[in-house]
Amino acid sequence: MKTLILSASIGLAGCALALISRQRSVAQLNTLFDWLGGGEASLVEHFLSGLGVVLLSIFLVVLHARMSTRQAWPKAWLRVGWFVALRSKVFRATRPIYIVHWSAVIATVYVFASCQWELSQAQAGRAFQTLQLSMDIAGSATACVFLMLLMRADYRRARQSRSLVLGR
Numbered sequence: 013m014k015t016l017i018l019s020a021s022i023g024l025a026g027c028a029l030a031l032i033s034r035q036r037s038v039a040q041l042n043t044l045f046d047w048l049g050g051g052e053a054s055l056v057e058h059f060l061s062g063l064g065v066v067l068l069s070i071f072l073v074v075l076h077a078r079m080s081t082r083q084a085w086p087k088a089w090l091r092v093g094w095f096v097a098l099r100s101k102v103f104r105a106t107r108p109i110y111i112v113h114w115s116a117v118i119a120t121v122y123v124f125a126s127c128q129w130e131l132s133q134a135q136a137g138r139a140f141q142t143l144q145l146s147m148d149i150a151g152s153a154t155a156c157v158f159l160m161l162l163m164r165a166d167y168r169r170a171r172q173s174r175s176l177v178l179g180r
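The opening position of the sequence shown corresponds to residue 13 in this note's numbering, with each subsequent residue numbered one higher.
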């Protein structure tokens, strides 16, 4: 859970810095982003937003899975069985070893949405901005690699706990 809190705080900080820079409200931050982006602060903003969206989405997925509990009202036995089966699958799918898989899915969705946005901007008469799209891709990929490095111990533990004998 500590790693997820760390990823959520990094994601929130990345999104906040990108929004503050986009509003041009802090001159020092704009100067820093201009310097880092080689004269284009929007490249750093896109990198941070790609990083932040993936990390915050992962945090929300896991938080929702951890907070869901059994329903208090009585249900028919068929609905109860369906709910318990679905709940166990959701909990299984949000174990720490699957976090990297979830991040890859969310990063892919984010990259497709960014590509769609850039295509719509190009159709509206503006230029297709490949640098901004590439920074969105780089930010999403960085988030996936970051989560993979954070979850390395969980992967190792899961691999060691697997049995080599089938049925055990």
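Using N, Cα and C, we set each Cβ at its ideal position, and we do this for glycine too.
Distance from the CA atom of F45 to the CA atom of A119, rounded to whole angstroms, is 23 Å. Restricting attention to V117, A28 and C27, the CA atom closest to the CA of V73 is found in V117. Y122: member of the alpha helix (DSSP H) spanning I111 to Q135, first to last residue.
For R168, the closest of A150, L68 and Y110 by C-alpha to C-alpha distance is Y110. Looking at A155, K14, F59 and G64, the one whose alpha-carbon comes closest to that of H113 is A155.
In this structure, the beta-carbon distance from G23 to F59 does not fall below 9 Å. The stretch 14-40 contains, as complete alpha helix (DSSP H) runs of 4+ residues, the segments 14-35 (chain order).
Rounded to the nearest whole angstrom, the C-alpha separation of L18 and S69 is 13 Å.
Contact between V56 and G64 does not hold, since their C-beta atoms are separated by about 12 Å, which reaches or exceeds 8 Å. A straight-line Cα-Cα distance of about 50 Å links G51 and S173. Within the model, the alpha-carbon separation for A25 versus S61 is close to 10 Å. Nearest C-alpha to I149 among L159, F124 and Q40: F124.
The DSSP-derived three-state label of F158 is helix.
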